[in-house]
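For reference, the structure discussed in these notes is given below.
Protein chains: 4
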Amino acid sequence: MDFNEKQIQILKVAEKLFAEIGFDGTSVRHIAKEADVNVAMISYYFGSKEKLLEALLLYRVADFKMELETVMVQNLPHVEKLDALVSLMVNRIHRNRRTHKIINYEYTNTCRQIDFDAYVEQKRDSLGIIEAFVKDGQNKGVFKTDVHTKLLGATVIGTYFQVYNNKPFYKKLLELDSDEAFENYMLTSLTQHIQQTIKSLLLNEK
Amino acid sequence: MDFNEKQIQILKVAEKLFAEIGFDGTSVRHIAKEADVNVAMISYYFGSKEKLLEALLLYRVADFKMELETVMVQNLPHVEKLDALVSLMVNRIHRNRRTHKIINYEYTNTCRQIDFDAYVEQKRDSLGIIEAFVKDGQNKGVFKTDVHTKLLGATVIGTYFQVYNNKPFYKKLLELDSDEAFENYMLTSLTQHIQQTIKSLLLNEK
Amino acid sequence: MDFNEKQIQILKVAEKLFAEIGFDGTSVRHIAKEADVNVAMISYYFGSKEKLLEALLLYRVADFKMELETVMVQNLPHVEKLDALVSLMVNRIHRNRRTHKIINYEYTNTCRQIDFDAYVEQKRDSLGIIEAFVKDGQNKGVFKTDVHTKLLGATVIGTYFQVYNNKPFYKKLLELDSDEAFENYMLTSLTQHIQQTIKSLLLNEK
Amino acid sequence: MDFNEKQIQILKVAEKLFAEIGFDGTSVRHIAKEADVNVAMISYYFGSKEKLLEALLLYRVADFKMELETVMVQNLPHVEKLDALVSLMVNRIHRNRRTHKIINYEYTNTCRQIDFDAYVEQKRDSLGIIEAFVKDGQNKGVFKTDVHTKLLGATVIGTYFQVYNNKPFYKKLLELDSDEAFENYMLTSLTQHIQQTIKSLLLNEK
DNA sequence: GATGAATGAGTATTCATTCAT
DNA sequence: GATGAATGAATACTCATTCAT
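Chains as they are written, first to last, in UniProt numbering: chain A, 1 to 206; chain B, 1 to 206; chain C, 1 to 206; chain D, 1 to 206.
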């Protein structure tokens, strides 16, 4: 849970490389070289390549852990709270997009023996908070009731990753000619699109 | 383009394994064993592991190619046509979910030297057809105009894959206790959710 | 001994490739492709790669077989006959330089199970003829007697191959800027040098 | 340039095997086994089989580097100096005959991507020294002038290798019934023959 | 605590050859 | 007689990990 400087250095490089070229595609040599540490150090610190990934999950999953609560307790109209919620989710995913991408890659990998419990638990918590909020809105008649509440999160995150995972395609489609422009688009127009999507689904009237 | 029986056998096994344990994680030995062919045969038929993946893309991408047109030409009200369109997209993705998953994994892999042109072209075509349809609906006043038309596809596909890529999580969340139940859910409730999402975004009145 | 057209085609390609990239470095696939025949044909015609080399030796060794005799029987002064002899040797080696090079490579290869008897026999014959001629000259007082007669051949052939095997080096050293110029040099100046060398060794007076 | 004990062990085995069965014919497994080291060690130490050969060249080429100078500076009559020079060349080649043989094999191999610059440079240096010595002798009227000075080296080395590369043939021809006898012959009679050859070419009077 | 050296198991690919047709 | 398809064995090399120091 508490990593020293060199460990964090390794974790960051690993996160980058795992996201860019996959878990299997990344060799510990590559990580070691990029992080400017000895190869043996990775086994020494983390035990194995798989345990390094688990350490990375632990390191990042803490960050996934919600500021959702902080939004929830605010005294805002449901609509605005909904926007804030979506915006927060996108921001959080964006911040940890690399680790999320790795998880998306590896979570269903049948061969890997990696402990995703922390991730799953956190995901369940998040969705629980959202579900409760939606229920509340529905009870108060602000939100529609004929909605697959449990799937709302999938739409938010899924839309984000569909664009992120097809970055070169969408850069061309949306005429974004730099990585900065793309990144900026993700945090403005794409976020807006997702907010609009969720609001359309939930709000009774325009 | 025209593969013999053994080649198709290899392609199918490769598709399955690539989707399950990743491109790097899958060894040609593994494919050969599972497909019950000699290891050398894969190099013999496809040249290399990477070219095998390219062959798989070519083999499947033809199938991606649209029945979209067939829906477009039907004389249906816009709303129903929209539902049909989404349903078709989900079905098509579902049918080729494995290859799509591989693409999602590998497309942004900076190290891989694989030709995704056919995929990109097909994706562009699909989105073009959808965009044209939405434009038409907007012109006729049936669809709203304040919508990120180019992102609609991402929401459809993204939602699907977010659930599919987190299958164990959603199986538990949605209390689906078998793979069949999950599969069935994808093609009914999930499809319905996505249809509803897109309609909410586009339709002027409930 | 009597090869058909396709076999000769294969032999010629094999000779070229064996000389250029070595016996081990040359694959039967490469030969087959270059000779524009089916891969299986080589095994079919010659039995194996090693037997192909043996066939090549048989095919060429016949050509080594002397016109030496024809020079011997001519009624020429010893000095001129000596020049003619050296010139003939160089020409003959040059014509079959590729096969000779292969032999030089492979003859001492301890692992290879190739029959070099024909080559050895021919070599012995050649040297025998030369030795007899030199003996004759010595008896007649034209040639010196304090000479390692058995090594004369090695000096002739060795000088040739030392230049040929270091072609790029000697091209630069001798300022020969084309393969034609090099080839021409081998047959004029180099031949002359070798003639001069042998004459210096054998003749009593300048 | 500075190799540890195990590296030298590998280099020596590689030199032997490359000379005996060729570069392509020698597998890294074979080298590893003979040198009694792990296969991976060869890649670990040298990077690749080709780089191993380059390392070998570097390791040996230093040894090629002349004691020629030491002979040159001695205050000896030209004739004796010439004998000493030839003797030195033969000795040096003999000592490194294996590496020289490999070079003779591989230098003109069009496919190989190996850096022979060090070898070429050393060869040029050697020939340069010899050429200068011969020029000096010619100026002083001791050596003949109608000689292909640049080809003298080829005759020395070529004669040596023609015998060495046909060892089984010459063993029989010269009735040398052991490897020791052959080796001894190379350093006495053969050397003498080469000395005599060069002297015959260069000296004005008997 | 940290690491250079070392390794056994694994990788994709290529090889010469065989065999059914 | 000739060949496309197929294969077991071998190739060089890379892998994550271990261990002596």
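C-beta atoms are modelled at their ideal positions from N, C-alpha and C, and glycine is treated no differently.
Computed from a predicted structure; not experimentally measured.
Length of the line joining the Cα atoms of residue i and residue j
i: GLU15/B; j: LYS171/B; result: 23 Å
i: ALA55/D; j: LEU11/D; result: 8 Å
i: THR99/B; j: PHE169/C; result: 55 Å
i: LYS33/C; j: PHE18/C; result: 14 Å
i: LYS135/B; j: THR149/B; result: 8 Å
i: ASN184/D; j: ASP177/D; result: 12 Å
i: GLY141/A; j: LYS6/A; result: 53 Å
i: VAL156/C; j: LEU201/C; result: 12 Å
i: MET186/A; j: THR145/B; result: 21 Å
i: ASN75/B; j: ASP125/B; result: 21 Å
i: residue 270/A; j: PHE116/A; result: Any property of residue 270/A remains undetermined from this structure, which presents chain A solely from 1 to 206.
i: LEU68/D; j: GLU131/D; result: 12 Å
i: LYS81/D; j: THR188/D; result: 17 Å
i: VAL147/C; j: ASN139/C; result: 13 Å
i: LYS101/C; j: GLU50/B; result: 40 Å
i: ALA40/D; j: TYR44/A; result: 22 Å
i: THR70/A; j: PHE133/A; result: 13 Å
i: ASP179/D; j: CYS111/A; result: 60 Å
Same chain, Cβ closer than 6 Å to residue i, neighbours up to 5 away in sequence not counted
i: GLN195/C; result: ASP83 and VAL86
i: VAL13/B; result: ILE31, GLU34 and ALA35
i: ASN165/D; result: none
Beta-carbon spacing of residue i, residue j below 8 Å
i: ASP63/C; j: ASN96/C; result: yes
i: PHE23/C; j: LEU57/C; result: no
i: ILE21/D; j: ASN204/C; result: no
i: ILE129/B; j: MET89/B; result: no
i: ASN104/D; j: PHE161/D; result: yes
i: LEU190/B; j: VAL163/B; result: yes
i: THR26/C; j: THR197/D; result: no
i: TYR59/D; j: PHE3/D; result: yes
i: LEU151/A; j: HIS193/B; result: yes
Chain-order list of residues whose beta-carbon lies under 8 Å from that of residue i (same chain, five-residue window excluded)
i: LYS206/B; result: Any reading at LYS206/B is ruled out, since the residue's pLDDT is 47, under 50, leaving its predicted position unreliable.
i: THR159/A; result: LEU190, HIS193, ILE194 and THR197
i: VAL37/D; result: LYS6, GLN9 and ILE10
Rounded distance between the beta-carbons of residue j and residue i, thought under 8 Å
i: GLY137/D; j: HIS94/D; result: 25 Å between Cβ atoms; not a contact.
i: ALA118/A; j: VAL61/A; result: 5 Å
i: ILE114/B; j: GLU106/B; result: 6 Å
i: VAL28/D; j: ILE42/D; result: 5 Å
i: LYS167/D; j: PHE182/D; result: 6 Å
Spatial neighbours of residue i in its chain, beta-carbon cut-off 7 Å, leaving aside the 5 residues before and after
i: LYS123/A; result: none
i: LYS65/A; result: GLN122
Contact set between the UniProt domain "HTH tetR-type" (4 to 64) of chain C and chain D, restricted to residues whose Cβ is under 7 Å from the partner: GLU20, ILE21, GLY22, ASP24 and GLY25
Contact residues within the segment 84 to 111 of chain C, judged by C-beta distance below 7 Å to chain D: ASN104, TYR105, TYR107, THR108, ASN109, THR110 and CYS111
Contact residues within the segment 154 to 186 of chain C, judged by C-beta distance below 9 Å to chain D: ALA154, THR155, VAL156, ILE157, GLY158, THR159, TYR160, PHE161, GLN162, VAL163, TYR164, ASN165, ASN166, LYS167, PRO168, PHE169, TYR170, LYS172, LEU173 and LEU174
Contacting positions in the segment 112 to 129 of chain A - beta carbon closer than 8 Å to chain B: ARG112, VAL120, LYS123, ARG124 and LEU127
Contact list for the segment 186 to 198 of chain A against chain B, Cβ threshold 9 Å: SER189, LEU190, GLN192, HIS193, ILE194, GLN196, THR197 and ILE198
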